[in-house]
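See below for the structure under consideration.
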Amino acid sequence: MKCLVVFAHPDQDSFGAALRDSVCAGLEERNHDVTLIDLYADGFDPVMDADTHRRYLEVASDHPDPLVARYIDLLREAEALVFVYPTWWAGLPAILKGWLDRVFLPGVAFRLGRHNKVRPNLRQVRRLIVVTTTGSPRYQTFLLTNAGKRTIMRTVRLVCSRRCRTTYLALDRLDSRTALERTDFLHEARIKVATI
Amino acid sequence: MSSCAIPGKTASCERPSSALAGLQAAGDEVKVIDLYAEGFDPVMSRTEKLDHLGSPANRPSLAHHFDALQWCERLVLVYPTWFGGQPAMLKGWFDRVWMNDVAFTLPRGRVGFEASCADSGGSRL
């Protein structure tokens with residue numbers, strides 16, 4: 026399966042970076058075709074500017090930013106989307122939210138049908154996976170309604186294949202985890218993601 | 016305080032003006048932060064991430080945001096909902112500005128946080 030892994034963490038020495046490597050290794054072991062997008066390494070600017078916002082409905086066909094144009098091509102090819110990110114303020118880091126804002130455009134991720142109803146345009150995406158970490162305990166992220174999980178598992182899911190399956194893996198209370206617990210989670214992510 | 020995250024002067028930009036007019040008419044003191052107009056960078060850098068439990072004094076470029084956040088008694092957020100959530104610009108404002116010793120205080124040696132904004136009464140979130 027063609028897997029697009031989207032990674033959003035500023036520190037290449039972080040546990041998040043280790044998770045990214047574990048996820049990619051797991052997928053490659055099963056001979057999946059893996060493409061990695063590292064948003065921080067690419068220097069991606071998540072801010073949709075006024076000009077793009079004005080041309081929002083047609084901007085996808087001739088995007089002025091070559092990096093976004095490349096992301097659009099990769100997104101159209103993908104059959105599985107894997108997001109690896111730290112949960113900040115119960116949500117996605119701004120750089121990842123901006124990736125959705127700027128790349129999931131009309132004509133790319135969705136089409137507008139009658140009465141401007143959103144129709145899925147990523148029907149080839151059959152798997153959606155989130156691998157994340159939180160500083161808060163699991164119950165607290167739940168009470169804060171976990172906006173990051175919702176954005177991907179519901180909003181992104183809406184534009185994928187109707188049969189798209191989802192997996193959400195999270196290690197909570199990251200700051201107080203032992204080295205063994207962290208290693209266990211790396212292993213769990215590697216195994217679970219690989220069996221897509 | 017009103018925080019606005021809308022690119023360009025489109026039709027939707029009339030809304031912050033009317034929210035603003037309403038607050039002023041009610042006699043409230045108002046500070047406006049227009050994230051697009053000031054060219055705010057919503058991306059938390061590696062340096063900031065590594066120092067996320069450090070002092071707000073280490074981020075002098077955000078000082079006016081910290082001051083405004085601790086000054087206000089009412090917070091008004093004006094933004095379009097994109098992809099089921101806040102625009103990256105506004106999400107990044109939370110990521111970078113709502114830091115330790117500004118929006119909350121992390122007790123030493125404890126996990127979890129306590130709200131430090133005036134109205135919270137210090138209760139655990």
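From first to last, the protein sequence lines stand for chains V and Y. Note that the working numbering has the first sequence beginning at 26, numbered continuously upward. Note that the working numbering has the second sequence beginning at 16, numbered continuously upward. Every residue gets a Cβ at the ideal spot worked out from N, C-alpha and C, and that includes glycine.
- When beta bridges are read from the DSSP output, V:V155 appears opposite V:F108, V:Y193.
- Any Cβ of chain Y closer than 7 angstroms to the Cβ of V:K142 would place that residue at the interface, and such an atom is absent.
- Remark: C-beta atoms of V:I154 and V:V218 approach each other more closely than 7 angstroms.
- Within 8 angstroms of the CB of V:F210, no CB atom of chain Y is found; the nearest one sits about 17 angstroms away.
- Per DSSP, the beta bridge partners of V:L137 are V:V143.
- For V:R179, the residues of chain Y that pass the 9 angstroms Cβ criterion are G99, in the order they occur in the chain.
- Scanning chain V for C-beta atoms nearer than 8 angstroms to the C-beta of Y:D110 yields W113, W114, P118, A119, reported in chain order.
- In this structure, DSSP gives Y:W86 a helical state, which the three-state scheme calls helix.
- Restricting attention to V:A43, V:G41, V:R101, V:T170, the CA atom closest to the CA of V:S186 is found in V:R101.
- With the criterion set as a beta carbon lying under 7 angstroms from some beta carbon of chain V, the members of the segment 44 to 60 of chain Y are P57, V58, M59, S60, in sequence order.
- A check of alpha carbon separations from V:R127 across V:A43, V:A75, V:C49, V:L168 identifies V:A75 as the nearest.
- In this structure, Y:K46 is the residue among Y:K46, Y:L50, Y:L35 with its C-alpha nearest to the C-alpha of Y:Q85.
- For V:K122, the nearest CB of chain Y lies under 7 angstroms from its own CB, placing it at the interface with that chain.
- The criterion of a C-beta distance shorter than 7 angstroms is satisfied by V:A33 and V:Y110.
- DSSP lists Y:F119 as the beta-bridge partner residues of Y:N115.
- When secondary structure is reduced to three states using DSSP, V:I62 falls in the strand class.
- Per DSSP, the continuous alpha helix (DSSP H) segment holding V:D209 begins and ends at 204 to 219.
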